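Chains as they are written, first to last, in my numbering: chain A, 1 to 758; chain B, 759 to 981.
Working notes, beginning with the structure itself.
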């Protein structure tokens, strides 16, 4: 029996309305299946059922989140600074932002959480591959990646299984693509045990006139599939169809996690850039989740006509694949382009130069339908919008959790605090060595940060800073942040605090924050508690972006991050993009030289709920998170942009996780230059609060003695409080009564991760 | 002066090598792996990356690229050739240099700012340094452990053909802390660290690497 004899045709489906179909096994609800029958006026073929089931999945359709995500559109439409820079907004593969001089930047963060738990190396590797192809499909050259990562407790056995594989996968794939990894996060918390969060961000640059969209326009234009051949990776649930419809002897067990080939992707990047440069592409789409089902239906849905696909022309790695499986395959390193017939030879010529397999698999037509042919028979005939864009939309019930009040009432004020100098010193050292605050170089040294030669700042700096234009020194800054503990205490505020911190991390380098991408990691949307967290977090993020004037340009939602009934801490991860007119003016984080004045910018309050101190020292989570103050963030950012452009400050570092103590330690460790500071002017002289509180809108800067007046006058303009802390110098960090040799701090910071992960 | 920079599919640091050549004051000429001639260049850089994916032994496929035939001939005839990281691996696979590069002893990819000692300042690529000079240059690789049999290592050391050595902790298990070597004639140099990533204050840990590229320029001018 050969494959072509067993594919179900539209005619057969019409003739056999009574056939029972395994839609529940494919994840479709009764009413969703009924709607498909209504749309088609008949039962779907097995291939159509495969397409609808995967495209109407939570992952592809955003059916539970869509009603909430709509709020983000208002962040882009109310005349803010950032919205006027927006060239392409939400709804495309990634948003595009104008950074001036005819340059545009596209950036986006996505999750690859579940695959990375099942198979850490390939899961994280293909997460990098997927986000890079999203950026390529906008017409951009990818220029940087970064990876916000969250794991269970650092000493848990499963973390030791997952983390090294995730890190090696990101390095193994990203390093081989030649993309510098310039930042990200590594966070440990028990709530992520069994549910690691592996998010990946990519940024790309292009000239304005090179922007490409995923549109299949112009009847007669050709649809070209290029890149890797199609195999059985990632077909997951569709094997239900195969096993129910076909013979028992047929192999139905396929790897659910895709396997990456970074070399293929590197060649595909260069090939795409040559295709863009030669202007050979009308529309382009990457193949990611839902593979060809997604790419063809989205291209056709966004276009002005219809599309016919000859599925039997798709080059296969496994000749036994059924049409349903070919439509569903998530084989990596594939792209789909729409090409004018007059340009097809040139297109195929460039692919041949790069040894990239390219096949014409379809044609744009005026039918308004997406039809798929298999050896001359029609096996799919659908209106493409119903597959790609008009999937189900749910208003999931949500309710403020019954435990929320008790959690917020459980304030950390009664927790014992270090009081004596000895206790404070021991606490600083314990915090410095804690997994969340310790040096992450065990992780980041496995990533190439130098390739492309444009990396101006990379981790552990506050932002990754990348030069875009060598002649003008125009560049960008990128940071991602998230704090699941804060979001658990108050999801609305937690989302704004994530935004606040990423915005600040961009601002302290001297960059002007311009736009936002987000990766919303939550538990099950079917749990009203989780759905409330999601609704609150999206509302908080939308309100926050509106207030700061930075539009949300795109992102990703990851639901079902939970084990049994226990969801992860709600974790909105926010990425902020900023622009630097001259990257030579960027401000690095480390103390640079002796005898400079150390200054704290901003207000410190007794805010320790959800703090790193409460987590590390007491294992406590309760109370209300630090008060959000976006106006103060904006003032600090404006001040930083001025003093950076004016060359007034020599170093700047934000104050966040771990408080002022951790900030000063990191500034000293960066270049081995110490400082002597007094804490008397901070938090009314309460040394403990001064060291460990996590109040927002703060940064520490250094200034040459003769520029202090300039800093103070700028700060007065913006209403930012200035507190002189002391001066830099020697190889010791003196914090009031505490004497902390840099060597001792370095040993504490650097031993933790190697001791845990080898 | 024209310095060729070869791009194999999977080369990553070819653009950086070309930039370093330009910053040194020479003209960078891009050479394609399928080329069968060297376009009259005065020197060649084989850049870092993962040629053809390096799914086999690193550099094992690249040595058979069409461009390598004229390159090997020219190198034997005295053409200055610098192999960086993957380029070093290709030079070893091509038998222009002895020994081999194996997986780092700690089994991880490692990207660090590495201190090096210039042991031989007499090659065409290192003549701008002084012998014993310490420099800081990025090192980034997964397969950077230099190995050879004892007789080869003894001979390399006896003939002064170790060009750069790692200072401090050995970052990858290289025998005798060898970071780079040269051939008998001193025109072919291979090293694992990346001097092309240390050519600008803005983007590198130092500008120490630029001297590799200015050295070959002055060697050509004085020749």
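Glycine included, each C-beta is placed from N, C-alpha and C at the ideal position.
Keep in mind that this is a model prediction, so the values were computed, not measured.
Where does residue i land, buried or exposed, given buried means 16+ other C-beta within 10 angstroms?
i: residue 129(A); result: buried
i: residue 791(B); result: buried
i: residue 810(B); result: buried
i: residue 242(A); result: Unreliable placement is indicated for residue 242(A), whose pLDDT of 43 sits below 50; no coordinate value is reported for it.
i: residue 382(A); result: buried
i: residue 403(A); result: exposed
i: residue 304(A); result: exposed
i: residue 731(A); result: exposed
i: residue 888(B); result: exposed
i: residue 18(A); result: exposed
i: residue 322(A); result: buried
i: residue 169(A); result: buried
i: residue 475(A); result: buried
i: residue 119(A); result: buried
i: residue 775(B); result: buried
Could you have a look at residue i and say whether DSSP puts it in helix, strand or coil?
i: residue 341(A); result: helix
i: residue 355(A); result: coil
i: residue 55(A); result: helix
i: residue 229(A); result: coil
i: residue 87(A); result: strand
i: residue 396(A); result: coil
i: residue 48(A); result: helix
i: residue 866(B); result: coil
i: residue 732(B); result: Nothing can be reported for residue 732(B), as the shown portion of chain B is limited to 759 through 981.
i: residue 479(A); result: strand
i: residue 307(A); result: strand
i: residue 755(A); result: helix
i: residue 180(A); result: coil
i: residue 469(A); result: coil
i: residue 568(A); result: coil
i: residue 621(A); result: coil
i: residue 530(A); result: helix
i: residue 653(A); result: strand
Beta carbon of residue i, beta carbon of residue j: below 8 Å?
i: residue 938(B); j: residue 949(B); result: yes
i: residue 916(B); j: residue 933(B); result: no
i: residue 820(B); j: residue 894(B); result: no
i: residue 182(A); j: residue 581(A); result: no
i: residue 13(A); j: residue 43(A); result: yes
i: residue 921(B); j: residue 839(B); result: no
i: residue 287(A); j: residue 295(A); result: yes
i: residue 562(A); j: residue 199(A); result: no
i: residue 205(A); j: residue 96(A); result: no
i: residue 961(B); j: residue 165(A); result: no
i: residue 801(B); j: residue 761(B); result: yes
i: residue 424(A); j: residue 738(A); result: yes
i: residue 233(A); j: residue 333(A); result: no
i: residue 327(A); j: residue 292(A); result: yes
i: residue 149(A); j: residue 757(A); result: no
i: residue 843(B); j: residue 899(B); result: yes
i: residue 21(A); j: residue 49(A); result: yes
i: residue 379(A); j: residue 335(A); result: no
i: residue 500(A); j: residue 643(A); result: no
Any idea which residues DSSP pairs residue i with across the strands?
i: residue 924(B); result: 874(B)
i: residue 904(B); result: 859(B)
i: residue 519(A); result: 556(A) and 573(A)
i: residue 336(A); result: 225(A) and 285(A)
i: residue 765(B); result: 790(B)
i: residue 373(A); result: 310(A) and 378(A)
So residue i and residue j are supposed to be a Cβ contact under 8 Å. How far apart are they, rounded?
i: residue 67(A); j: residue 536(A); result: So it is not a contact: roughly 14 Å between Cβ atoms.
i: residue 492(A); j: residue 524(A); result: Residue 492(A) to residue 524(A), Cβ: 20 Å. No contact.
i: residue 388(A); j: residue 301(A); result: 4 Å
i: residue 874(B); j: residue 951(B); result: 6 Å
i: residue 506(A); j: residue 601(A); result: Actually they do not touch by this definition, with Cβ atoms about 15 Å apart.
i: residue 674(A); j: residue 726(A); result: That belief does not hold up - the Cβ atoms of residue 674(A) and residue 726(A) are roughly 10 Å apart, past 8 Å.
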